[in-house]
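Engineer: Quick one: the structure is below, questions incoming.
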Amino acid sequence: MTALVQAALRVRRTARSTWGLAAAFLLAAFLLAGFFIPESRDFGWGHLVWIVCWASLFVARARNAYRHGTDEKSAFELGAFLIVGVLALIQLRGGVGSNLYPLNYVTVALVASFATGRAGIGLVAFALVLGFAIAFLGEHVRDPLQLGLNSLFTAGFGALSYLFTRAEIHRVRRQSALELEAQKAKVRDDTRLFRLVAPSSGGARDEDRLYQTSVQEVRQALYHALQLLHRTLDLHTCVLLMPTSEHEQLRIVELVSKSDDLADGPFSLGAGAVGAAVRRRLTTNLQQIRDGYRGICYYRGPAAVRSFIAVPVLERGHLRAVLCADRLVDRGFSPEEEELLRDSTSHVLRAFENERVFMQLERSKVEQEILYRVSQDLSTARTQDSVMEVGLTAAKEIAPHDFAAITEYQHEGRKHTVRRASGERALDFHGLRFRDNTSLTAMVVKNRHFLPYRGDFDSNQQVLFTKKAKLKGMESLLVLPLVVREEPIGTLIVAAKRPGAFGVPVRATLQALSNHLAVAMASARLVRQLEELATTDGLTGCLNKRAFLEQMEQKLLAAQRFGRKLSLIVTDLDHFKAVNDTYGHAAGDRVLQALGQVLRRMKRETDMVARFGGEEFCVLCEETDSRGAQLLAERVREELEGTELQTELGPLRVTASLGVATFPDHASTAPDLFVQGDKALYEAKNRGRNQVCTV
18 MTALVQAALR
28 VRRTARSTWG
38 LAAAFLLAAF
48 LLAGFFIPES
58 RDFGWGHLVW
68 IVCWASLFVA
78 RARNAYRHGT
88 DEKSAFELGA
98 FLIVGVLALI
108 QLRGGVGSNL
118 YPLNYVTVAL
128 VASFATGRAG
138 IGLVAFALVL
148 GFAIAFLGEH
158 VRDPLQLGLN
168 SLFTAGFGAL
178 SYLFTRAEIH
188 RVRRQSALEL
198 EAQKAKVRDD
208 TRLFRLVAPS
218 SGGARDEDRL
228 YQTSVQEVRQ
238 ALYHALQLLH
248 RTLDLHTCVL
258 LMPTSEHEQL
268 RIVELVSKSD
278 DLADGPFSLG
288 AGAVGAAVRR
298 RLTTNLQQIR
308 DGYRGICYYR
318 GPAAVRSFIA
328 VPVLERGHLR
338 AVLCADRLVD
348 RGFSPEEEEL
358 LRDSTSHVLR
368 AFENERVFMQ
378 LERSKVEQEI
388 LYRVSQDLST
398 ARTQDSVMEV
408 GLTAAKEIAP
418 HDFAAITEYQ
428 HEGRKHTVRR
438 ASGERALDFH
448 GLRFRDNTSL
458 TAMVVKNRHF
468 LPYRGDFDSN
478 QQVLFTKKAK
488 LKGMESLLVL
498 PLVVREEPIG
508 TLIVAAKRPG
518 AFGVPVRATL
528 QALSNHLAVA
538 MASARLVRQL
548 EELATTDGLT
558 GCLNKRAFLE
568 QMEQKLLAAQ
578 RFGRKLSLIV
588 TDLDHFKAVN
598 DTYGHAAGDR
608 VLQALGQVLR
618 RMKRETDMVA
628 RFGGEEFCVL
638 CEETDSRGAQ
648 LLAERVREEL
658 EGTELQTELG
668 PLRVTASLGV
678 ATFPDHASTA
688 PDLFVQGDKA
698 LYEAKNRGRN
708 QVCTV
């Protein structure tokens with residue numbers, strides 16, 4: 018595609034996206050010229066055409082916004098058309114001095130309240146500038162007081178409307194968030210009340226839905242049981258009261274009643290007839306209750322009932338609930354009816370126990386599914402980066418958190434490195450290195466046991482990494498060791514702003530995850546080491562010949578495809594055999610290492626350096642012509658010549674000869690490029706060594 022065609026397409030796209038704004042500005046230009054001022058000209062066909070154009074464009078933009086929704090751009094266009102139309106009407110009715118001018122303030126307030134984000138601010142500024150320009154240029158108003166007041170009122174109405182609307186939106190959102198949080202808190206209270214889940218467990222979304230479903234199932238079972246008792250025993254009210262988690266009050270869990278005088282609660286735990294059943298852990302059966310009796314807590318005022326019974330629901334001697342029933346008629350509860358109510362308490366306990374077991378099974382099922390999926394993903398991950406990505410993703414599923422990290426521990430030097438971090442301030446910690454210290458991370462590695470013990474975290478008292486690199490704003494923290502064959506290799510870290518985020522169930526699952534993750538990371542590290550051994554020269558750290566040739570073929574194909582230059586520098590140490598004979602092979606190895614270091618230090622990021630064998634090295638330079646390769650080779654030669662090595666026989670200096678060949682100038686294939694590079698190298702040798710030659 019030619020540059021001209023690309024430019025034409027860009028112009029076309031720009032025109033499509035901006036024609037609405039351009040049309041609005043064009044119509045506004047007529048107002049700047051005083052087009053609708055009554056004294057300047059009579060109303061004619063030109064005005065009618067302007068009105069038809071404005072109406073057509075406004076309806077088109079409104080229809081488009083209705084069909085496709087509004088973003089900031091479409092909202093600004095629609096608001097701009099409305100402002101232009103209102104200002105035209107005002108100008109037609111006399112301009113700034115017209116009685117209709119306050120309509121401009123109302124319009125600005127309207128568009129500022131309905132437009133979102135920057136569009137609202139932009140429309141207020143547009144109305145302010147356009148109104149001032151029309152008055153000053155189109156209607157020739159020069160009174161600074163009038164211009165200032167109009168501008169002040171326009172800006173004031175727009176700003177106040179924008180701020181009030183944003184404040185109302187914020188209030189509604191906050192109210193919705195509070196209501197949602199209250200609903201979640203009620204579900205959590207019910208789960209604790211029914212003993213469906215430990216209070217310190219995590220808060221994954223799937224588990225939240227599971228808890229809510231279980232609460233509904235329990236409530237439904239209780240309601241059916243109470244309804245059956247209500248009909249069978251001809252009761253006025255049948256209610257189940259349960260103590261709160263602090264065992265200080267009673268609250269209504271479920272009820273069936275014909276009364277409209279029921280209280281909401283909570284109620285005092287030991288008061289009245291219900292309190293007697295709670296204190297004695299025995300059934301309380303009252304008959305012939307006097308008028309005005311206030312000892313039945315779940316009624317607002319004096320109870321109108323004549324008989325009452327309260328049966329404590331006990332589980333292993335502990336009070337779980339109180340089942341209460343009453344009648345309006347003066348007919349006490351018989352021993353058979355008492356026995357029926359006591360049997361019903363067993364049904365209540367079974368409902369709790371069944372849902373508790375179901376919750377445990379469902380939670381275990383979810384955890385096993387996550388761990389199974391993680392094990393599959395880890396088995397296919399080959400690099401440490403992919404392994405850590407899988408691990409952090411799984412940790413997010415198991416325990417929602419605000420920060421997570423994986424550290425790696427190196428036994429040589431006892432150093433810790435944050436290899437991967439996610440969440441808040443992740444960039445601040447990624448790549449952080451520190452030695453063994455008294456931090457939680459270091460202590461977990463030493464003891465091979467998770468910390469903190471209860472999962473609570475105080476950044477002012479506890480150190481996660483170092484005293485300078487503090488993790489602030491977190492209330493919960495869990496640092497788990499990654500251990501393979503009794504050897505620690507790092508840690509898995511999760512942190513959350515909410516307290517109690519990592520309870521016992523979540524902690525156990527995270528420990529299982531850390532075991533899988535440790536094995537996968539050790540395997541990935543081993544694969545990386547094997548790859549390095551297979552592709553690098555053990556003495557110099559440069560690529561070996563096989564790896565260099567494989568990558569060279571790929572680089573050459575890319576150079577052919579895109580028509581780029583590719584240069585090869587062939588390097589050979591001068592008189593290297595004499596170095597070995599005079600200073601020994603240990604010194605010769607140090608010379609080879611020095612040359613490898615010089616080549617790696619001088620090359621660019623995209624260049625490749627390899628040791629081909631003996632004292633011969635090669636450098637492949639992408640997108641480099643012959644001149645650029647010669648300059649690089651000369652810098653390498655000078656750097657090596659200035660390097661002094663210390664040996665047992667004294668200081669040693671060496672030199673090298675270098676040959677340069679370039680694709681496609683000197684060769685079209687890799688073998689031919691090597692042949693030409695060797696020719697240039699031999700030419701440098703023949704000319705006296707310690708120099709650079711090209712073909």
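Quick note on numbering: the sequence shown equals residues 18 to 712 in the numbering used here.
C-beta: ideal position from N, C-alpha, C; glycine also.
Go ahead and pull the three-state DSSP assignment for glutamate 720.
Structural biologist: In the structure displayed, the chain extends from 18 to 712; residue 720 sits before or after that span and is not available.
Engineer: Assign glutamine 401 to one of two classes, buried (16 or more other C-beta atoms within 10 Å of its C-beta) or exposed (fewer than that).
Structural biologist: Buried: at least 16 other Cβ atoms inside 10 Å.
Engineer: Which residue's Cα is closest to the Cα of threonine 254: Asp281, Cys559, Phe325, Gly440?
Structural biologist: The shortest Cα separation from threonine 254 among Asp281, Cys559, Phe325, Gly440 belongs to Phe325.
Engineer: On the DSSP letters alone, give me the boundaries of the alpha helix (DSSP H) that serine 540 sits inside.
Structural biologist: Per DSSP, serine 540 belongs to the alpha helix (DSSP H) from 521-552.
Engineer: If contact is defined by three or more beta carbon pairs under 8 Å, each pair taking one atom from either stretch, is the segment 111-123 in contact with the segment 143-160?
Structural biologist: Yes, the segment 143-160 touches the segment 111-123.
Engineer: Could you check how far apart the C-beta atoms of valine 128 and isoleucine 151 are, in whole angstroms? I think they sit under 8 Å.
Structural biologist: Contact doesn't hold; Cβ gap of about 17 Å is too wide.
Engineer: Which residue marks the beginning of the beta strand (DSSP E) containing isoleucine 269, and which one marks its end?
Structural biologist: Segment 266-274, the beta strand (DSSP E) holding isoleucine 269.
Engineer: Helix, strand or coil: which one does DSSP assign to histidine 592?
Structural biologist: Residue state, collapsed to three classes: coil.
Engineer: Please report the residue range of the beta strand (DSSP E) in which lysine 432 lies.
Structural biologist: Start and end: 432-440.
Engineer: Note down the Cα distance separating tyrosine 310 from glutamine 192, rounded to an integer number of angstroms.
Structural biologist: Roughly 41 Å separates the two Cα atoms.
Engineer: According to DSSP, is isoleucine 510 part of a helix, a strand, or is it coil?
Structural biologist: Three-state result, isoleucine 510: strand.
Engineer: Short of 7 Å in beta carbon distance, which residues of its chain neighbour alanine 126, apart from the five on each side in sequence? Order them along the chain.
Structural biologist: So the qualifying residues of the chain are Phe174, Gly175, Ser178.
Engineer: What's the call for tryptophan 62, buried or exposed, on a 16-neighbour Cβ count within 10 Å?
Structural biologist: It is exposed - the Cβ of tryptophan 62 has fewer than 16 other Cβ atoms within 10 Å.
Engineer: Looking only at its chain, what residues have a beta carbon closer than 8 Å to the beta carbon of glycine 630, apart from the 5 residues adjacent to it on each side?
Structural biologist: Once the five neighbours on either side are set aside, the close Cβ partners of glycine 630 are Lys562.
Engineer: Cβ atoms of leucine 257 and leucine 245: under 8 Å apart, would you say?
Structural biologist: For leucine 245 and leucine 257, no; Cβs fall outside 8 Å.
Engineer: Enumerate in chain order the residues of its own chain whose CB-to-CB distance from arginine 670 is below 6 Å, with the five nearest sequence positions on each side excluded.
Structural biologist: Cβ neighbours of arginine 670 beyond the five flanking positions: Glu661.
Engineer: Should isoleucine 306 be labelled buried (16 or more other beta-carbon atoms within 10 Å of its own) or exposed?
Structural biologist: Classification of isoleucine 306: buried, given that the 10 Å Cβ count is 16 or more.
Engineer: Beta-carbon separation of alanine 459 and histidine 447 under 8 Å?
Structural biologist: No, they are not a contact pair.
Engineer: Find the nearest neighbour of glutamate 503 within the set Glu406, Leu65, Phe482, Val462, judged by alpha-carbon distance.
Structural biologist: Among Glu406, Leu65, Phe482, Val462, the Cα nearest to that of glutamate 503 belongs to Val462.
Engineer: Alanine 8: which of Gly667, Met625, Asp682, Asp394 sits nearest, CA to CA?
Structural biologist: What is shown of the chain runs 18 to 712, which leaves residue 8 out entirely.
Engineer: Just tell me which of Arg298, Leu366, Leu250 has its CA closest to the CA of leucine 345.
Structural biologist: Here the closest residue by C-alpha is Leu250.
Engineer: Per the DSSP calculation, aspartate 343 is bridged to which residue(s)?
Structural biologist: The partner list for aspartate 343 (beta bridge, DSSP) reads Thr254, Phe325.
Engineer: Around the C-beta of valine 69, are 16 or more other C-beta atoms found within 10 angstroms, so that it is buried, or is it exposed?
Structural biologist: Per the 10 Å Cβ criterion, exposed.
Engineer: Looking at valine 523: is its Cβ nearer than 8 Å to the Cβ of valine 501?
Structural biologist: No. Outside cutoff.
Engineer: Any idea if leucine 65 is buried or exposed, counting beta-carbon neighbours within 10 angstroms, 16 or more meaning buried?
Structural biologist: Flag for leucine 65 reads exposed.
Engineer: Does the Cβ-Cβ distance between tyrosine 600 and threonine 664 come in under 8 Å?
Structural biologist: Yes; because the gap between Cβ atoms is below 8 Å, this pair is in contact.
Engineer: Can you give the Cα-Cα distance for leucine 499 and isoleucine 506, rounded to whole angstroms?
Structural biologist: Going by the C-alpha atoms only, they are around 6 Å apart.
Engineer: Quick check: the Cα distance between glycine 292 and alanine 416, rounded to an integer number of angstroms?
Structural biologist: So the two alpha carbons sit approximately 41 Å from each other.
Engineer: Alpha carbon to alpha carbon, how far is aspartate 695 from arginine 545?
Structural biologist: Each residue's Cα considered, the two are about 33 Å apart.
Engineer: With a floor of 3 residues, list each beta strand (DSSP E) that falls wholly inside the segment 670-694, ordered by position along the chain.
Structural biologist: Counting only runs of 3 or more, we get 673-680.
Engineer: Helix, strand or coil: how does DSSP classify histidine 335 here?
Structural biologist: Strand.
Engineer: Pull up the distance between the alpha-carbon of alanine 327 and that of glycine 517, whole angstroms please.
Structural biologist: Approximately 36 Å between the Cα atoms of the pair.
Engineer: My guess is that serine 674 and aspartate 589 are in contact by the Cβ rule of under 8 Å, so how many angstroms apart are they, rounded?
Structural biologist: Sure, about 6 Å apart at Cβ, within 8 Å.
Engineer: Who are the Cβ neighbours of arginine 618 in its own chain at under 8 Å, not counting the five residues just before and after it?
Structural biologist: For arginine 618, where only same-chain residues beyond five positions count, the Cβ hits under 8 Å are Glu656.
Engineer: Between the C-alpha atoms of glutamine 693 and phenylalanine 420, what's the straight-line distance to the nearest angstrom?
Structural biologist: Answer to the nearest angstrom: the Cα atoms are 56 Å apart.
Engineer: Which residues share a DSSP beta bridge with methionine 569?
Structural biologist: Methionine 569 is not bridged to any residue.
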